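> All letters in the sequence shown, in the order written, are residues 17 to 91 by this note's numbering.
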Amino acid sequence: MSVTFMYVLIFVVVVSVVVGVVLTRKRRSPRPPASTQGRATYSGPIRFTGPDGRDMKIIQKDDGTFDVVEEDKQG
């Protein structure tokens, strides 16, 4: 057998192993449901304290955009 044939044979075996490992990992990786792929889903406002010390929240409006408003003080 020639040296070139051995290099080609080794290359084919290595590529086959790498392809097998990649395909196995793709099959085993958990996938989120199709309805949430590419989108973050939040249930309710995100609350934070603004730079001036006020309690703020980020809300999603009906048109899909977000707005930052001051949180109402209750109690």
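We put the beta carbon where it would ideally sit given N, CA and C, even for glycine.
Computed from a predicted model, the values in this text were never measured in an experiment.
What does a CB cutoff of less than 6 Å around Ile62 pick up in its chain, not counting 5 residues either side in sequence?
Counting from one through the sequence shown, the residue named residue 62 turns up at place 46. Excluding sequence neighbours, Ile62 sits near Ile74.
> How many angstroms separate the CA atom of Thr65 from the CA atom of Val33?
The count along the sequence shown starts at 1 and reaches residue 65 at position 49. The count along the sequence shown starts at 1 and reaches residue 33 at position 17. Taking the straight line joining both Cα atoms gives about 52 Å.
> May I have the straight-line CA-CA distance separating Lys92 from Arg44, to the nearest angstrom?
Residue 92 cannot be examined here, being either before or after the span of the chain that is shown, 17 to 91.
> Would you identify the three-state DSSP class for Arg70, choosing helix, strand or coil?
Residue numbering aside, residue 70 sits at position 54 when the sequence shown is read from its first letter. Residue state, collapsed to three classes: coil.
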